[in-house]
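Undergrad:
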Amino acid sequence: MPVDDVVANTDVAPADVAPADVAPIVEMRGITIEFPGVKALDGVDFTLRAGEIHCLMGENGAGKSTLIKALTGVYAIDAGVITVNGRPESFHSTADAQKAGISTVYQEVNLCTNLSVGENVMLGHEVRGVGGINWKATHREAARHLKNLGVDIDTRSGLFSHSIAIQQLIAISRAMVTDSTVLILDEPTSSLDRAEVEQLFGVIRDLRDRGVAILFVTHFLDQVYELSDQITVLRNGALVGEYPAATLPRNELIAKMIGRELDDLTAISSSASRTIDRDSAPLFKATDLGKKGVLEPADLEVYEGEVVGFAGLLGSGRTEFARLVYGADRADSGRIEKRGSSVRISSPRNAIDQRIAFSSEDRRAEGIVGDLTVAENIVLGIQARRGWLRRVSKAETDAIVKEYIDALGVRPADPNRPVRNLSGGNQQKVLLARWLATAPDLIILDEPTRGIDVGAKADIQRKVAELSAKGLSVIFISSEIEEVVRLAQRIIVMRDRRKIGELESHDIDVDDVIDYIANEAQENVA
Amino acid sequence: MTDLKAAPKRPIDSVGTALHTFRSRHASWIPVFAALLILVAMFVGAQAYFGRFFSPGLISALLLDNAFLLVLAVGMTFVILTGGIDLSVGSVMAFTGMVGASALNSGLPTGAAIIVMLVAGALIGLLIGVLVHYFDVQPFIASLVGMFLARGLAYLVDLRSIKIADEAILWLQGNRIRLGAGWYITPTGILAIVVIIVAALVLQFTRFGRTVYAIGGNENSARLMGLPVVRTKILVYVISSICGGIAGLILIAYQGAGYPLNGMGAELDTIAAVVIGGTLLTGGTGYVLGSTIGVFVYGTIAAVISFLGAEQSWKRIIVGALLLIFVVVQRVIVTRPARRS
Amino acid sequence: MRNIVKHSVFWPVVALVALLVINTLVRPTFARIVIQDGELYGTLIEILRNSAPLMLVALGMTIVIATRGIDLSVGAMMAVSGSVALTIIDSSPTPEAPHIIALAIGGGVLVTLVFGTWNGFLVAVLGIQPIIATLVLMLAGRGIALLITGGFTTTVISAPYKFMSQGYVLGFPFAFFVSIAAVTIVVLIQRRTALGMLTEAVGINPEASRLAGVRSRGIIWGAYAASGLLAGFAGILYSSNIMAADANAAGNLIELDAILAVVLGGTSLMGGKFSIAGTVIGVFTIQTLRSTIVFLGVPPPVSPVFLAGVVIVVVAVRSQLVRQTAARWFASARSVARPNSKVTS
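Quick mapping for you: the protein sequence lines, in order, are chains A, B and C.
Residue numbers for the first sequence follow our numbering, so the first one is 6 and each next one is one higher.
Residue numbers for the second sequence follow our numbering, so the first one is 234 and each next one is one higher.
Residue numbers for the third sequence follow our numbering, so the first one is 1140 and each next one is one higher.
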């Protein structure tokens, strides 16, 4: 793909100075961070220069947030060196990182909404006089810093009375109060509308031109290309590479982030080409299902025995869509029909009554009940539906649990082990068992293969193919596009909280889907 | 570079913007105004009903009788502002009172006895703070432990009351300074007012005070902003217990003796007064001035009840009901804007 | 699950046994049991009898804590049920008639059941913090109790009522059988039905439970109602013991005793898995501790100091800091392990 096509669609001027000529402000070399059971970062290098906007890219589990936490002093590193402004640093707290000149603005804008704007800007650095804090001078200072970013608001007003966009700018000016040389922005645009994003980008470019080194983390592809000078890609805790934004086409970027994993799951590849009877009414139909600020209204149809895949990058809205379908979040708009009749789904209980099941992407926080045993976790779905009085008998429990431990290959095969002691893959299998045991008509699987070993991944995909062939309808969500392509007969593609299209799966491959996402992105920027 | 103004949230008209600015700047004072309104309403109502309520003598007596509660409320305000709670204040007040009375009776000079009292109080507060921060104990449980410890220690000093003969202490209470037209004040009252003023100044004009508010607003943010969260959280419990010590001093002056069962349930009265005075239990919002008004509301309720000749148990019930209403209202107000976003 | 419960009850049992042994060594009369008129007497028997109110309250507290909550109003509710019951008896011309006794007990318990339901409403439906929600009743409850008795400490004479705390059945104190009945009923309800497991699920991971379809609201509500009901019975027993409705003394500071019993028994204050067996052991441990303190000649009002000390020790031993320090000591002895927490602050 010619380089010009990519550059023409961005409105950032290429940096005047080639990166190699500018001394780096931050140098991270060979950074390794390990947690029990997983290597979050493995010998990663990262360079950040003054007057540069640098985007850090990668899917979930790539190590982006871990790298940033190492730089901001939240995590201690196991190996490697961090050098800031030429000095090797060893951060033991967030205060250490701040003293070294590194400031961070988080997605949730970590400020205190109960205090005034000016106070938030100057907190910890208020102007003091003989009798304590001099508020007049403090507010004057705050107003000055805000004006430097082009923000003119009443510094005595409460922070809560301003939009998230303005609060972010306030957080950024706070960073300037402490003369930061490095500004890290972690997913700053998730809650902003188009105009606010423009405003923010203007401020960021201004800071860049003044020599601040800016590390920008986002999953919005157009924003990456609009803003960044350099892009660093991480995958599975390792560095893929650092590239000038002007010379990296979108498709290549996506491919580098997702990776191409070879595995022989040929037995399942026939799943995508299975014919689905779409003549009768769909098992599940949602029309204009949406929620303000979360998901643009979208349609969805799932037929009996069909696997519908949701494909898209992190943040595209796949999980949000699924949660609305299940009633885990309440929709603002839309109608839902099951087998042709209108139903109301506004809570998980409604969905369960309609025989819909949902396996959350966040196993730990929303899936497993850690201190309960494997058996109790598996039986929880059935028990919840039956209510507390009618206990699932020991005999019944034993039978069901044994059936699923065998069918899914849960290891260790001990029903009385607390589920938190199992590996990620086996925990996922237990969750799958919980939902399958309720004999649903439709099951939503959100990232069921994330963070688990290859063997368990294959097991789960095999099971999905098997069950759907027998008549179970599945909504399958995965960042690994080849899984979606392999299993689904139809793929719904999503981007930036919108459904952008539907693809029939039998004659396309992963590249086609990637191109689809990338092309949609390009069209929207113009 | 163009100036970027924050998008106004209301239609542009001068009155609208002025009101909006006022609300945005002073939102946290609104609950305090509400408390003041309640107090005024009570005064007016009582005056109308009894015909002789609103007199300088009575209001001066209000300050005199509730001076100890005022000081307790100041300390409790610090703790609640950080989102915590301190159930030990009543017991600390009794304990320090016993320590002081015992010290005085064993010949210690007045000044030294007072210092010993305050140190004893501070140590309990330090224990609670350490339990909360280094032993991962919930603040409520930690302060319960402090409460038990202080109460038991109070009885350990002496099972019965200890009378005080020290002239200086008795002077604190007995000396009524006439201010003319029937108003009067005592040194204990002045002490309470001084405590209130100092606390208000600390909260408004020191970095420590602003850190207290920041922690209550969002402890995680405060930490990420580099504020000394751990130190501050422990310090507020120490302050609360020192206030317990000062209240103990006021109380033994008031009663002329130290009683080990003083302050039973005072912590609940204190929390109620602070909440009624406009301090949110979730932390981050509130003023010592508000807590002061809350104490006066409490004191007025007690005065009205004794005027009515009704049983004192009604006082606890009414205060409990008021606390409930305020908590529910606070909850509704806090969840509504949250749901909007 | 049986393994965990058994394991976490092990140390509390050891502690209790140690306490009993020490007591027996220090005062030989401790373990002596005398039979008189077919009734057993002795310090151990007293412990069985006197622990009944705390047992009831601690059972309710266990379930509430399992849902990640707490109930501070149990003491006040004890006062209320005692006041209601004794007022009913006092205003009856036949204070010994069975139906009056039944009415008194029923009335007292019904009122606290309503209070408990009220607490549950505040927490489960309105979403108010459990500490604050139950603090209100803790504050107002005793006032209400005083109002019911018209400001006095009502005393009555009624042999059947007195029997509940002083009487004997089959040689053992009746109150002890009340304890047994309560424990049995709670265990049956929690473990024979699915309520126990669902309660634990709600306490361990409320969001996962909600997504799995568990009716968390009802479970939390029920926990507080049960706590109120049990506190009501505890109040009946207490007032039976002193044959008076003392609104200030009834259940005074029993909240911390109950919380301590639950914690000693191995249930975490963070909610989740709970152990009734552990609570039972915890209750007996505290009762024995109190008896020991009395024997040592410590005046009862000073005893809270010891209890506070016990809490501090228990809490410290269980805390992260001590665990990590101990782990590091053992590690340096073997120079193998590393600190397991990556997070710096």
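Virtual Cβ for every residue (Gly too), placed ideally from N, Cα, C.
Please read these numbers as outputs of a predicted model, since none were measured by experiment.
Do the region 1253-1268 of chain C and the region 1331-1341 of chain C make contact, defined as three or more Cβ pairs closer than 8 Å?
TA: With contact defined as three or more Cβ pairs closer than 8 Å, the region 1253-1268 of chain C and the region 1331-1341 of chain C are not in contact.
Undergrad: Return the chain-ordered list of same chain residues with a C-beta closer than 6 Å to the C-beta of A:F326, the five sequence neighbours on each side being excluded.
TA: Here the set comprises L300.
Undergrad: Can you tell which of C:I1227, C:V1433, C:L1408 and C:R1349 has its C-alpha closest to the C-alpha of C:S1458?
TA: Comparing Cα positions, the closest option is C:L1408.
Undergrad: Can you pull out the residues from the region 1438-1451 of chain C whose beta carbon lies closer than 9 Å to at least one beta carbon of chain B?
TA: P1438, P1439, P1440, V1441, S1442, P1443, V1444, F1445, L1446, A1447, G1448, V1450 and I1451
Undergrad: Cβ of C:A1340 less than 8 Å from any chain D Cβ?
TA: Protein chains A, B and C are contained in the structure displayed, whereas chain D is not.
Undergrad: Helix, strand or coil, according to DSSP, for A:C117 in the structure here?
TA: coil
Undergrad: Got a sec: is the Cβ-Cβ distance from A:V397 to anything in chain C below 8 Å?
TA: yes
Undergrad: Three Cβ pairs or more, each shorter than 8 Å: is that satisfied between the region 285-297 of chain A and the region 336-344 of chain A?
TA: A contact exists between the region 285-297 of chain A and the region 336-344 of chain A.
Undergrad: Can you list the residues of chain C that A:R390 reaches, using a CB-CB cut of under 7 Å?
TA: G1352
Undergrad: Could you confirm whether any beta carbon from chain A is found closer than 8 Å to the beta carbon of C:G1411?
TA: yes
Undergrad: Determine the burial state of A:R561: buried for a count of at least 16 other Cβ atoms within 10 Å of its Cβ, exposed for fewer.
TA: Absent from the structure is residue 561 of chain A, since the part of chain A shown begins at 6 and ends at 531.
Undergrad: For A:R161, which residues in chain B fall below 7 Å Cβ to Cβ?
TA: R258
Undergrad: With A:I3 as the anchor, note down where its beta strand (DSSP E) starts and where it stops.
TA: Residue 3 of chain A falls outside the range modelled here, since chain A spans only 6 to 531, and no answer is possible.
Undergrad: Please classify C:Y1307 as buried or exposed, where buried requires at least 16 other C-beta atoms within 10 Å of its C-beta.
TA: buried
Undergrad: Compute the Euclidean distance between the alpha carbons of B:K357 and B:I479, then round it to the nearest angstrom.
TA: Correcting the residue identity first, residue 357 of chain B is Ile in this sequence and not Lys. It is roughly 14 Å from the alpha-carbon of B:I357 to the alpha-carbon of B:I479.
Undergrad: Find the residues of chain B that neighbour A:Q103, judging by a C-beta separation of less than 7 Å, and give them in chain order.
TA: G459
Undergrad: How close, in whole Å, do the beta carbons of A:I73 and A:R54 come, if the pair is a contact with beta carbons under 8 Å?
TA: Rounded, the Cβ-Cβ distance is 17 Å, inconsistent with contact.
Undergrad: Interface residues of chain B around C:S1458 at Cβ under 8 Å?
TA: Y367, F368, D369 and V370
Undergrad: In chain A, which residues lie less than 8 Å from B:L434 when you measure between Cβ atoms?
TA: Going along chain A in sequence order, the residues near B:L434 (Cβ under 8 Å) are G137.
Undergrad: Give a yes or no on whether the minimum CB-CB distance between B:G333 and chain A is below 8 Å.
TA: no
Undergrad: Which residues does DSSP list as the beta-bridge partners of A:D451?
TA: A:I482
Undergrad: Using a Cβ-Cβ distance cut-off of 8 Å, determine whether C:V1264 contacts chain B.
TA: no
Undergrad: Around the C-beta of A:K297, are 16 or more other C-beta atoms found within 10 angstroms, so that it is buried, or is it exposed?
TA: exposed
Undergrad: Does the beta carbon of C:I1319 come closer than 8 Å to any beta carbon on chain A?
TA: no
Undergrad: Would a check of beta-carbon distances place C:A1400 closer than 8 Å to chain B?
TA: no
Undergrad: Counting along the chain, where does the beta strand (DSSP E) carrying A:P93 start and finish?
TA: R92 to E94
Undergrad: For A:F326, which residues in chain C fall below 9 Å Cβ to Cβ?
TA: What A:F326 touches in chain C: nothing, since even the nearest Cβ is about 16 Å away.
Undergrad: Is A:G129 close to chain B? Criterion is C-beta to C-beta, closer than 8 Å.
TA: yes
Undergrad: When the cut-off is 8 Å and only beta carbons count, does B:V325 lie next to chain C?
TA: It does not; no Cβ of chain C falls within 8 Å.
Undergrad: Please determine if the region 189-198 of chain A and the region 129-146 of chain A are in contact, where contact requires at least 3 C-beta pairs separated by less than 8 Å.
TA: No, the region 189-198 of chain A does not touch the region 129-146 of chain A.
Undergrad: Is the beta carbon of C:T1418 sitting closer than 8 Å to the one on C:T1201?
TA: yes
Undergrad: Spell out the partners DSSP gives A:M499 in its beta bridges.
TA: A:K504
Undergrad: For chain B, find out if any of its Cβ atoms is closer than 8 Å to the Cβ of A:L116; answer yes or no.
TA: yes
Undergrad: Taking 8 Å as the threshold (C-beta atoms), are C:M1217 and C:A1373 in contact?
TA: yes
Undergrad: Tell me whether B:M458, by its Cβ, gets closer than 7 Å to a heavy atom of the ligand NAD.
TA: Of ligands this structure carries none, so the ligand NAD is not represented either.
Undergrad: Excluding sequence positions up to five away, which residues of its chain have a Cβ less than 6 Å from the Cβ of A:S321?
TA: Hits under 6 Å: M499 and R500.
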